[in-house]
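Residue numbers (the numbering used here): 909 to 1054. Don't be surprised by glycine CBs; every beta carbon is placed ideally from N, CA and C. What follows is a short report on a single structure.
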């Protein structure tokens, strides 16, 4: 029976590094690419920037997620068994819940490697996933300029 590996993606270099690591280390595994739409992102952007319109780049975070999943999927060879999923909610909670609900054998995710006060202000999805996941988690450190 093949393994099922969850790879959360957000379009960053660190998430691409995590996907590459997953492909190298789990070459026979079925991959699920998960983009988590944080519902607070659009709201925060609109509140922080009066006059902001979502037309600037994407109409919504959901559209952005779909675009990222499509572009990441296109980088994989056709023979790689992969599924793409878009979910909404707090990222760490959604990642752990998805792994629990879908019999995932492991999670490979990227870390932006933030340190100091910015890490405490923004939080660390990777750290939360490591603490809460019921399966092994591999954190891949990406390049610092995500």
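Taking C-beta separations shorter than 8 Å and ignoring five residues to either side along the sequence, the partners of residue 915 in its chain run 923, 926, 927, 930, 939, 940, 941, 942, 1015, 1016, 1017, following chain order.
By the CB criterion at 8 Å, residue 994 and residue 945 fall inside the cutoff. Residue state for residue 1014 is assigned as strand, using DSSP reduced to three classes.
Leaving aside the five residues that flank residue 1007 on each side, the residues in its chain whose CB is nearer than 8 Å to its CB run, in chain order, 914, 1015, 1041, 1042, 1043. For residue 988, the number of other beta carbons within 10 angstroms of its own is below 16, and it is reported as exposed. With distances taken between CA atoms, residue 1020 lies nearest to 918 out of 1045, 918, 948. Our two residues, residue 1047 and residue 1036, have alpha carbons roughly 11 Å apart in a direct line. Residue pairing by DSSP leaves residue 935 without any beta bridge partner.
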